[in-house]
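Chemist:
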Amino acid sequence: MFVYNAWYMGAWADEVKTQGLLGRVLLNQPVVFYRTEDGTALALEDRCCHRALPLSHGCVVGDQLQCGYHGLVYDRNGLCVKVPGQERVPAQARVRSYPVVEKDHMLWIWMGEPALANPALIVAHPWHDDDAWVWIKDRYSIKSAYQLVTDNLMDLTHVGYVHQRTIGGTPQAHSDADTQTTRSETGVKVIRWMMDSVPPPSYVAAHKFNTPTVDRWMEIDFFPPAIVRIHTGATDAGTGAREGNREGGMAFMGLNLQTPETETTTHYFWSGAHTYDAGGLSKADLCSKLLASLTVTFAEDKVVVEAQQQSLDRLEGAPLVMIASDAGLAHARRMVAVMIENEAAASKAALNSEELSLAKRDSKDVPYEN
Amino acid sequence: MFVYNAWYMGAWADEVKTQGLLGRVLLNQPVVFYRTEDGTALALEDRCCHRALPLSHGCVVGDQLQCGYHGLVYDRNGLCVKVPGQERVPAQARVRSYPVVEKDHMLWIWMGEPALANPALIVAHPWHDDDAWVWIKDRYSIKSAYQLVTDNLMDLTHVGYVHQRTIGGTPQAHSDADTQTTRSETGVKVIRWMMDSVPPPSYVAAHKFNTPTVDRWMEIDFFPPAIVRIHTGATDAGTGAREGNREGGMAFMGLNLQTPETETTTHYFWSGAHTYDAGGLSKADLCSKLLASLTVTFAEDKVVVEAQQQSLDRLEGAPLVMIASDAGLAHARRMVAVMIENEAAASKAALNSEELSLAKRDSKDVPYEN
Amino acid sequence: MFVYNAWYMGAWADEVKTQGLLGRVLLNQPVVFYRTEDGTALALEDRCCHRALPLSHGCVVGDQLQCGYHGLVYDRNGLCVKVPGQERVPAQARVRSYPVVEKDHMLWIWMGEPALANPALIVAHPWHDDDAWVWIKDRYSIKSAYQLVTDNLMDLTHVGYVHQRTIGGTPQAHSDADTQTTRSETGVKVIRWMMDSVPPPSYVAAHKFNTPTVDRWMEIDFFPPAIVRIHTGATDAGTGAREGNREGGMAFMGLNLQTPETETTTHYFWSGAHTYDAGGLSKADLCSKLLASLTVTFAEDKVVVEAQQQSLDRLEGAPLVMIASDAGLAHARRMVAVMIENEAAASKAALNSEELSLAKRDSKDVPYEN
Ligand code: FES
Ligand code: FES
Ligand code: FES
Numbered sequence: 001m002f003v004y005n006a007w008y009m010g011a012w013a014d015e016v017k018t019q020g021l022l023g024r025v026l027l028n029q030p031v032v033f034y035r036t037e038d039g040t041a042l043a044l045e046d047r048c049c050h051r052a053l054p055l056s057h058g059c060v061v062g063d064q065l066q067c068g069y070h071g072l073v074y075d076r077n078g079l080c081v082k083v084p085g086q087e088r089v090p091a092q093a094r095v096r097s098y099p100v101v102e103k104d105h106m107l108w109i110w111m112g113e114p115a116l117a118n119p120a121l122i123v124a125h126p127w128h129d130d131d132a133w134v135w136i137k138d139r140y141s142i143k144s145a146y147q148l149v150t151d152n153l154m155d156l157t158h159v160g161y162v163h164q165r166t167i168g169g170t171p172q173a174h175s176d177a178d179t180q181t182t183r184s185e186t187g188v189k190v191i192r193w194m195m196d197s198v199p200p201p202s203y204v205a206a207h208k209f210n211t212p213t214v215d216r217w218m219e220i221d222f223f224p225p226a227i228v229r230i231h232t233g234a235t236d237a238g239t240g241a242r243e244g245n246r247e248g249g250m251a252f253m254g255l256n257l258q259t260p261e262t263e264t265t266t267h268y269f270w271s272g273a274h275t276y277d278a279g280g281l282s283k284a285d286l287c288s289k290l291l292a293s294l295t296v297t298f299a300e301d302k303v304v305v306e307a308q309q310q311s312l313d314r315l316e317g318a319p320l321v322m323i324a325s326d327a328g329l330a331h332a333r334r335m336v337a338v339m340i341e342n343e344a345a346a347s348k349a350a351l352n353s354e355e356l357s358l359a360k361r362d363s364k365d366v367p368y369e370n
Numbered sequence: 001m002f003v004y005n006a007w008y009m010g011a012w013a014d015e016v017k018t019q020g021l022l023g024r025v026l027l028n029q030p031v032v033f034y035r036t037e038d039g040t041a042l043a044l045e046d047r048c049c050h051r052a053l054p055l056s057h058g059c060v061v062g063d064q065l066q067c068g069y070h071g072l073v074y075d076r077n078g079l080c081v082k083v084p085g086q087e088r089v090p091a092q093a094r095v096r097s098y099p100v101v102e103k104d105h106m107l108w109i110w111m112g113e114p115a116l117a118n119p120a121l122i123v124a125h126p127w128h129d130d131d132a133w134v135w136i137k138d139r140y141s142i143k144s145a146y147q148l149v150t151d152n153l154m155d156l157t158h159v160g161y162v163h164q165r166t167i168g169g170t171p172q173a174h175s176d177a178d179t180q181t182t183r184s185e186t187g188v189k190v191i192r193w194m195m196d197s198v199p200p201p202s203y204v205a206a207h208k209f210n211t212p213t214v215d216r217w218m219e220i221d222f223f224p225p226a227i228v229r230i231h232t233g234a235t236d237a238g239t240g241a242r243e244g245n246r247e248g249g250m251a252f253m254g255l256n257l258q259t260p261e262t263e264t265t266t267h268y269f270w271s272g273a274h275t276y277d278a279g280g281l282s283k284a285d286l287c288s289k290l291l292a293s294l295t296v297t298f299a300e301d302k303v304v305v306e307a308q309q310q311s312l313d314r315l316e317g318a319p320l321v322m323i324a325s326d327a328g329l330a331h332a333r334r335m336v337a338v339m340i341e342n343e344a345a346a347s348k349a350a351l352n353s354e355e356l357s358l359a360k361r362d363s364k365d366v367p368y369e370n
Numbered sequence: 001m002f003v004y005n006a007w008y009m010g011a012w013a014d015e016v017k018t019q020g021l022l023g024r025v026l027l028n029q030p031v032v033f034y035r036t037e038d039g040t041a042l043a044l045e046d047r048c049c050h051r052a053l054p055l056s057h058g059c060v061v062g063d064q065l066q067c068g069y070h071g072l073v074y075d076r077n078g079l080c081v082k083v084p085g086q087e088r089v090p091a092q093a094r095v096r097s098y099p100v101v102e103k104d105h106m107l108w109i110w111m112g113e114p115a116l117a118n119p120a121l122i123v124a125h126p127w128h129d130d131d132a133w134v135w136i137k138d139r140y141s142i143k144s145a146y147q148l149v150t151d152n153l154m155d156l157t158h159v160g161y162v163h164q165r166t167i168g169g170t171p172q173a174h175s176d177a178d179t180q181t182t183r184s185e186t187g188v189k190v191i192r193w194m195m196d197s198v199p200p201p202s203y204v205a206a207h208k209f210n211t212p213t214v215d216r217w218m219e220i221d222f223f224p225p226a227i228v229r230i231h232t233g234a235t236d237a238g239t240g241a242r243e244g245n246r247e248g249g250m251a252f253m254g255l256n257l258q259t260p261e262t263e264t265t266t267h268y269f270w271s272g273a274h275t276y277d278a279g280g281l282s283k284a285d286l287c288s289k290l291l292a293s294l295t296v297t298f299a300e301d302k303v304v305v306e307a308q309q310q311s312l313d314r315l316e317g318a319p320l321v322m323i324a325s326d327a328g329l330a331h332a333r334r335m336v337a338v339m340i341e342n343e344a345a346a347s348k349a350a351l352n353s354e355e356l357s358l359a360k361r362d363s364k365d366v367p368y369e370n
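Chains as they are written, first to last, in UniProt numbering: chain A, 1 to 370; chain B, 1 to 370; chain C, 1 to 370.
1) For the beta strand (DSSP E) that A/Thr235 lies in, which residues bound it at each end?
2) From B/Leu356 to C/Gln258, what does the alpha carbon distance come to, in whole angstroms?
3) Within the same chain, show all residues whose beta-carbon is closer than 6 Å to that of A/Leu153, passing over the 5 residues directly before and after it, in chain order.
4) Between the beta-carbon of B/Leu65 and the beta-carbon of B/Gly71, is there less than 8 Å?
5) Going along chain B, which residues have a C-beta under 7 Å from C/Arg314?
6) What does DSSP give as the partner residue(s) for C/Phe223 in the beta ladder?
7) Measuring only the C-alpha atoms, how far is A/Asn352 from A/Gly78?
8) Does the beta carbon of C/Cys48 fall short of 7 Å from some heavy atom of ligand 3?
9) Do you know how far the Cα of A/Leu44 is from the Cα of B/Asp362?
10) Looking at the unbroken beta strand (DSSP E) that takes in B/Phe269, where does it start and where does it end?
11) Expressed to the nearest angstrom, what Euclidean distance is found between the alpha-carbon atoms of A/Leu27 and B/Thr170?
12) Is there contact between the segment 30-47 of chain C and the segment 285-302 of chain A, where contact requires at least three CB pairs shorter than 8 Å?
13) How is C/Lys17 classed by DSSP in three states: helix, strand or coil?
14) Is the segment 179-191 of chain A touching the segment 202-220 of chain A in the sense that three or more CB pairs, one from each, lie closer than 8 Å?
15) Quick check: is the beta carbon of A/Gly53 nearer than 8 Å to any beta carbon in chain B?
16) Reducing DSSP to helix, strand and coil, say where C/Thr325 ends up.
17) So the candidates are C/Ala330, C/Thr239 and C/His231; which of them puts its Cα closest to the Cα of C/Phe209?
18) For C/Cys287, which residues of its own chain have a beta-carbon under 7 Å away from its beta-carbon, when the five flanking residues on both sides are left out?
19) Check the Cβ of A/Val162 against every Cβ in chain C and list those closer than 8 Å, keeping chain order.
20) Mind listing which residues of the UniProt domain "Rieske" (7-109) of chain B have their C-beta closer than 7 Å to chain F's C-betas, in chain order?
21) Flag C/Cys59 as yes when its Cβ comes closer than 7 Å to any non-hydrogen atom of ligand 1, and as no otherwise.
22) If we count the other Cβ atoms within 10 Å of its Cβ and call it buried at 16 or more, is B/Lys302 buried or exposed?
23) For A/Glu45, which beta-bridge partners are listed by DSSP?
24) Which of the three DSSP states, helix, strand or coil, is assigned to B/Met111?
25) Quick check on DSSP: helix, strand or coil for A/Ala145?
26) Verify the contact flag: C/His174, CB atom, against every heavy atom of ligand 2, threshold strictly below 7 Å.
27) Measuring straight from C-alpha to C-alpha, what distance separates B/Asp46 and A/Ser325?
28) Identify the residues that DSSP records as bridge partners of C/Asp178: which are they?
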């Protein structure tokens, strides 16, 4: 069960080159991204309406896509405009097109009702274009439901255990963090403060603190259905960070986008923008060092959520127990559940009103037995 | 759904050596091919009636097959003739035997009712034993339904797109080819002429033409349920090929046999007999060069039909649209569908008349719980 | 369908080090073995009650297990005794614990009703601690139902065919062996004598016989549901072995424990204790030579039972035929079937009497939708 009427991250902008194409399954639907001659990113159904070959096996011709099997040509709206060897193009010859917006170096796609695709609803992430920050990014294929990735991010007490060899190290401090969970305007917000705490090795490496302990924060913003932004950082202890003075500190702005591939697999995109002190390193070297280290950290999460998925699959429906630190993820899951229910209700209503037209549909659309 | 009462190619003759055996799943049934001492090819059910070990794990003893688990011995009819350690052979101890005919270097097998297995129905392919021709062959395991392979071969407009880097190159010429589709005596025939057209690189390499353009033909013969023979060739343009004069030209006789392994996997056998000019090359060198080049071409087809199968599986039953060039494959699919319907009807009638005897069947046949 | 109220071998004792842990699926249930500080072996459900991460991803802390995701701590009974970051531990927070007994270098686990776990029911195997014997051992993952492994062991006529290149070699002698199958006190016993027979190469290598032929025995003891002990050996022919004089001979005591992982996969543990003559070899060298050679033999069995499983899966329910040498395995299967039936009946009776309490169960136990 997915939320369809929402913007999902479909790809990093640089995954699709001008005149290039990229096939990817999103929410169980095959999608092909491509760019026209002027660089505009588009997305069509990745399944030729003729004999179902994925269009990503074809090629871009000007602003159009040509199927690699028998050469049908589709325009940017998914309408078939040419069938080689015949004059007439069959009226039903088209594939679905998806609204796509390129923003903040990401390709955003709307998998639901196109009329509802309002670009103003896209989560803004200005840190990808802010000179005060540098950023790194990656993409993983995760063998778990996307909500398990969200869960992971919404409960950062896991950092002390899962990442004890990397960014964790002080489980007690993480568990004892002063944590507040609230519904935000757009989703769920969890704010955690670890005042006067020993900074983890990764912090010490990234910034020169003047005090042995730091005031450290984690602000987690969940944007349903599948985005979690985590702002973490620290200043010298006692310099007023909690009251708003974060001067002289360090900060990391993590963006996590867990786009469902299928019910049990996820495209996990993330970026990390930061203000780390490069020390003697060039910014490029700092970034590649940070990427290497975070790759280890994310691999730790991947192991956990994939083991969790297998475990849940093995004993489906067996009871689980909630604890206090689940507040954030429970809110997040509830929001998503409500969105799914609302969509189901809306689509049922729409179906009823369409019954008449469906009854007229040409059954000759399905000529083959496969 | 398969047609059972038909001759399928089960193996190349040289895949089964004298006294050797070969296990292979055909139409979901496990089959073991073997040869007796005089070289006769036989096929039995590849599943010992004792404890189900495939007989292909055993060995040939004279003209008989011995199971590799507890040594039951089967004769050429599949009758168990020896149970080591006991005198009596249980009456039900037998495996199914399949009619097999060796012809034109192929082993043909009849998977249906043995009484209907008329060798005269086997598609003849004399080009495998004709001194004017040399030939090459291979076998692929394809992860798609066999009918997708047939489809591919029945609509050669795909050559211009799928094989543009190998035997294709002029998609427009392929799409514009003058094409006639007819029901033939034995199946479906598609004849295509590309008059006065630029020959593809592979043709130029294989033959010395005296004119820059050629008259080029493709004759596709579908023999249901799963064989497609394709006769292609070309002569100098304007020398009367279409009227019957193919002197001084070149020809390729391709035989394609797509035997179902399961509903979604296929043993794809093919051979290519040709009259290419060896130039400075020996016939053997020419053949191995041609085999290498066609291996690339067939790999292109394999990618396409396997992607198609995955795509069809993902959105089962979603509509597809027919185009003009589908005429050949639509006829072919219809013929196969009718054969399957007829068999189902016949077997239902037979079942009714057998009900009495079935009611008497010894239920002690199934002693184990597995 | 498994027998639950029985002792299964869960692991070799040395697979679980002090303070170490081992995750393993047994009878479809995830189990984690670990050892406390004093070395006691324990087993808990390998699925955290919080968010289902296998506890085998966590770590041992003193005598307790800590989950590697959010740090819940479980005591040796599976009771959660700590939830980091909160005072109260939820009442339902616990995982199942399994009775474990360490005996004869093996960890025995009881997967059923703990109250019935009587250690006196464990099959004793003193040969693992007898100075007159040395022994070797191993473990395989087998892709077949555990009963197919039992079948294999209960009918040793297979030795002549499956192992003809290793320990077999004289199929006729095996089939003609004088075989007696009886119900023993604890299970099924098959006794086979091959009097005055040519010893196989492995016997000749392991022992110096004074006669060209030997009197050779095989005593197979089945302990339901999943253990087979096989005592084999030989003495010089005509020296009275059958009457009880086994002086001057050689003997091998094989223990086979086929613990179900799932319905169709098996943890196959085995050990071989023997009195072979080391000749010029040290005992350690003899053992490693023997292990290497038996590894080849067991691989032959693995190929057979896995091929059998695939074959049975392909044509589920197709008839099989019994032969005389099946007596042992048929008895064994019948015993297991009766045990499963009895458990089902007992658990149905128990369920009825528990209905009232189940009706009161707190449905808030399942807070997440996964
Ligand atoms: S499948 Fe795309 S053109 Fe035929
Ligand atoms: S399985 Fe073939 S003889 Fe037993
Ligand atoms: S999953 Fe074990 S503590 Fe959360």
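The beta carbon of each residue, even a glycine, is placed where N, CA and C say it ideally should be.
Modeler: The relevant details are as follows:
1) Counting along the chain, the beta strand (DSSP E) containing A/Thr235 begins and ends at Ile227 to Asp236.
2) At B/Leu356, the pLDDT of 48 sits below 50, so the modelled position is not reliable and the matter cannot be decided from this model.
3) Beyond the five residues adjoining it in sequence on each side, A/Leu153 comes within less than 6 Å, by CB distance, of Val228 and Asn256 in the same chain, given in chain order.
4) Not in contact: B/Leu65 and B/Gly71 (Cβ atoms no closer than 8 Å).
5) Near C/Arg314 (Cβ distances below 7 Å), the residues of chain B are Pro30.
6) The partner list for C/Phe223 (beta bridge, DSSP) reads C/Ile227.
7) Spanning the two alpha carbons is a distance of roughly 27 Å.
8) At least one heavy atom of ligand 3 falls within 7 Å of the beta-carbon of C/Cys48.
9) Low confidence applies here, because B/Asp362 scores a pLDDT of 42, under 50, leaving its location unreliable; read the following figure in that light. Spanning the two alpha carbons is a distance of roughly 59 Å.
10) Here the beta strand (DSSP E) through B/Phe269 covers Thr265 to His274.
11) For A/Leu27 and B/Thr170, the distance between alpha carbons rounds to 38 Å.
12) Using a Cβ-Cβ distance cut-off of 8 Å, the segment 30-47 of chain C and the segment 285-302 of chain A are not in contact, since fewer than three pairs of beta carbons, one from each stretch, lie closer than that value.
13) Annotated three-state conformation of C/Lys17 is coil, per DSSP.
14) Because the criterion of three Cβ pairs below 8 Å is met, the segment 202-220 of chain A and the segment 179-191 of chain A touch.
15) One point to set straight first is that residue 53 of chain A is Leu, not Gly, in the sequence displayed. At least one CB of chain B lies nearer than 8 Å to the CB of A/Leu53.
16) First, the residue type needs correcting, since residue 325 of chain C is Ser and not Thr in the sequence shown. In the structure shown, C/Ser325 falls within a helical segment according to DSSP collapsed to helix, strand and coil.
17) The residue with the shortest Cα to Cα distance from C/Phe209 is C/Thr239.
18) These residues qualify, in order along the chain: Val134 and Ile136.
19) For A/Val162, the chain C residues whose Cβ falls inside 8 Å of its Cβ are Gly68 and Tyr69, in order along the chain.
20) Protein chains in the displayed structure are A, B and C, and chain F is not among them.
21) No; taking the cut-off as 7 Å, the Cβ of C/Cys59 has no heavy atom of ligand 1 nearer than that.
22) Buried.
23) DSSP links A/Glu45 through a beta bridge to A/Val31.
24) DSSP, reduced to helix, strand and coil, places B/Met111 outside both helices and strands of the structure shown, so it counts as coil.
25) Of the three classes helix, strand and coil, the one that applies to A/Ala145 here is coil, per DSSP.
26) No, since every heavy atom of ligand 2 falls outside the 7 Å radius drawn around the Cβ of C/His174.
27) For the pair B/Asp46 and A/Ser325, the Cα-to-Cα distance works out to about 58 Å.
28) C/Asp178 has C/Trp193 as its beta-bridge partners, per DSSP.
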